[in-house]
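Heads up, the thing below is written out as structure tokens.
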Amino acid sequence: MNRKSWSACRAAMFAALASIVSMTAAGDVTPPQRIPDSYAQPGTLVRLAHGRQLNLRCAGSGPQTVMLEAGSHTDSITWFRLQPLLAASAKVCSYDRAGYGFSSAGPLPRDLDADVSDLHNLVHHAGLKTPLVLVGHSLGSNIARRYAQQYPADVSGLVLIDPPAQNIAAFAPSWAKDETAMNARRFDFIRQCEASAEKHALTSPPPELRSCVAGGNPLASDKVNAATADYKSKPAFWRSLLSELQDNEVVFGQPVSPDEKHGSLPLVVLTAANTYADAPQAVRKSLEVARNLTQAKIVATSTRGERLSVDNTSHDIQLDQPQVVAEAVIKVLQQTGTATTR
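Residue numbers (this note's numbering): 36 to 377.
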């Protein structure tokens, strides 16, 4: 090997070592115990078509980008513990979906296709470097999977946090029937909250609607809780929530499609140990079977899929054990490098 070749090789070696050091730096970061006051105001408002804006929060830097996709009726606050851990390894972004947080309302219905379209527009209007690693929690895992199907060139890896059971009626029909009845009551309540918001009455709601603006998050300051209460007092939030929950019945009422394929995309599914801890003992086993089968099918959509169980966690693994999620994301970042795996 000549001197020039050796110099190039040595430079590449040091770059690789630096990358490894950066990737392991997340273990030195302590996740915050309380929600920072920065969540009381928007991060960067990214303008989409027709004057709409989505609120984007990014931290860190590096050759790769991680995008965090929240679960149902949740905004970017759900990532307050995980995002700082990943900022040591890559540029990491979270955002508020349309109608939530500081983001504008979007056209109805707010279904998977609408969410995927918004995410695609956000990524490209914000100039985020692709391919990126998508991290989805709960419903966010379905959005991430659909995005990877529709825009495979944009995605280099998937980390899915406790994807919910699909086709649950095939395993726990009585539970599914009760859920349908409960959803009907929930939808009626949301419509009442929306009607009250239309009248600007949620700042001081009547007793029967006080749960529309339930008490603030105990991990947040008065400033953050006030900002959250403000956006939940607007009709756009309730319209978005109703549409999303109605679509959830469709999304989770059917099994994982046999047509869903992710090739050799690195894909990690994290399974929470206590997702159904509050369910009646008589039905808990059936729910776990449905969830396990769903997640096994998701893992099988990629030749590089794997599933990891996480002890002592509720469905919100990103809040209970953010270090475990960070380790999974960093593992995928190391597998993907800066190039797509497709």
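The beta carbon of each residue, even a glycine, is placed where N, CA and C say it ideally should be.
Beta-carbon contacts of residue i that lie in its chain and below 7 Å, excluding the five residues immediately before and after
| i | result |
| --- | --- |
| Lys296 | Thr336 |
| Pro240 | Ser231, Cys247, Val248 |
| Leu276 | His108, Ile225 |
| Glu389 | The shown model of the chain, from 36 to 377, leaves out residue 389, and the question about it has no answer. |
| Met48 | Unreliable positioning characterises Met48 in this predicted model, as indicated by a pLDDT of 32, which lies under 50. The coordinate reading is nonetheless provided below. Counting only Cβ-Cβ distances below 7 Å, and skipping sequence neighbours, we find nothing. |
| Ala361 | Ala61, Leu117, Leu120, Leu121 |
| Val367 | Val168, Gly192, Val194, Pro301, Val303 |
| Leu244 | Gln227, Cys228, Ser231 |
| Ile352 | Ile196, Asp197, Leu305, Ala307, Val345, Val359, Val360 |
| Ala314 | Leu322 |
| Glu233 | Pro270 |
| His350 | Ser173, Asp197, Ala307, Thr310 |
| Val286 | Leu147, Asn177 |
| Gly136 | Asn90, Asp110, Ser111, Tyr266 |
| Thr238 | Ser268 |
| Gln289 | Gln201, Asn202 |
Cut-off 8 Å between Cβ atoms - residues of its own chain near residue i, not counting five sequence neighbours on either side
| i | result |
| --- | --- |
| Arg82 | Gln88, His160 |
| Gln118 | Arg92, Ala94, Leu103, Val127, Ser129 |
| Gln356 | Val345, Asn347, Thr348 |
| Lys258 | Asp72, Ala75 |
| Phe222 | Leu277, Leu280, Gln281 |
| Met58 | Confidence at Met58 is low in this model, with a pLDDT of 47, below 50, so its placement is unreliable and the value that follows should be read with caution. Excluding sequence neighbours, Met58 sits near Ser124, Ile365, Leu368, Gln369. |
| Gln386 | Past the boundaries of the shown model lies residue 386; the chain is included only from 36 to 377, so the question cannot be answered. |
| Asn327 | Thr306 |
Given residue i as reference, the closest of the options once Cα atoms are compared
| i | options | result |
| --- | --- | --- |
| Pro67 | Thr371, Gln99, Thr113, Leu322 | Thr113 |
| Thr65 | Asn90, Gln358, Asn202, Gly372 | Gln358 |
| Phe206 | Ile352, Gln356, Val324, Ser73 | Val324 |
| Met102 | Gly86, Ser292, Ala183 | Ala183 |
| Pro199 | Ala361, Lys332, Asp63, Thr238 | Lys332 |
| Ala363 | His350, Glu341, Gln227 | Glu341 |
| Gln76 | Ser138, Arg69, Gly86 | Ser138 |
| Lys269 | Glu214, His235, Thr79 | His235 |
| Gly78 | Arg69, His85, Asp63, Ser111 | Ser111 |
| Gly372 | Thr165, Arg145, Val158, Ile70 | Thr165 |
| Val291 | Pro71, Val190, Ile203, Asp72 | Ile203 |
| Lys267 | Leu328, Asp282, Pro142, Gly250 | Gly250 |
| Leu190 | Pro208, Gln201, Leu163, Ala216 | It is worth fixing the name first, because residue 190 is Val in this sequence and not Leu. With distances taken between Cα atoms, Val190 lies closest to Leu163. |
| Leu354 | Ala216, Leu254, Leu237, Arg221 | Leu254 |
| Leu280 | Gly86, Arg145, Gln185, Lys212 | Arg145 |
| Ala188 | Gly288, Val158, Phe115 | Val158 |
| Pro293 | Thr215, Arg274, Gln316, Thr329 | Thr329 |
| Arg274 | His85, Gly86, Arg132 | Arg132 |
Paired residues, beta bridge with residue i - DSSP
| i | result |
| --- | --- |
| Met102 | Cys128, Leu169 |
| Thr79 | Leu91 |
| Leu345 | Per the sequence shown, the amino acid found at residue 345 is Val instead of Leu. Val345 pairs with Ala307. |
| Leu302 | Leu193, Gly340 |
Nonlocal neighbours in the same chain, by C-beta distance under 6 Å from residue i, ignoring five residues either side
| i | result |
| --- | --- |
| Asn156 | Leu83 |
| Trp210 | Val318 |
| Ala271 | Gly134, Ala140 |
| Val334 | Val304, Gly340, Arg342 |
| Arg69 | Leu254 |
| Leu143 | Ser278 |
- How do the region 342 to 349 and the region 95 to 109 stand: do at least 3 beta-carbon pairs fall below 8 Å, yes or no? With a cut-off of 8 Å, the region 95 to 109 and the region 342 to 349 do not count as touching, because too few Cβ pairs lie within range.
- Assess, as a yes-or-no matter, whether the region 169 to 181 is touched by the region 191 to 204 under the definition of 3 or more beta carbon pairs within less than 8 Å. By the Cβ rule, the region 191 to 204 counts as touching the region 169 to 181, because three or more pairs are nearer than 8 Å.
- Would you check if the region 149 to 160 and the region 173 to 182 touch, i.e. whether three or more CB-CB distances between them fall below 8 Å? Yes, since at least three Cβ pairs between the region 173 to 182 and the region 149 to 160 fall closer than 8 Å, the two stretches touch.
- How do the region 119 to 132 and the region 86 to 102 stand: do at least 3 beta-carbon pairs fall below 8 Å, yes or no? A contact is defined here as three or more CB-CB pairs under 8 Å, and the region 119 to 132 meets this definition with respect to the region 86 to 102.
- Message: List, from N- to C-terminal side, the alpha helix (DSSP H) runs of 4 residues or more that fit wholly inside the region 148 to 226.
- Response: Taking only runs of at least 4 residues, the alpha helix (DSSP H) segments lying wholly in the region 148 to 226 are 174 to 185.
- Taking contact to mean at least 3 C-beta pairs separated by less than 8 Å, is the region 298 to 315 in contact with the region 259 to 272? Contact fails: fewer than three Cβ-Cβ distances are below 8 Å.
- Item | Those runs of the beta strand (DSSP E) which lie wholly inside the region 240 to 316 and span at least 3 residues | With a minimum length of 3 residues, the continuous beta strand (DSSP E) runs that stay inside the region 240 to 316 are 302 to 307.
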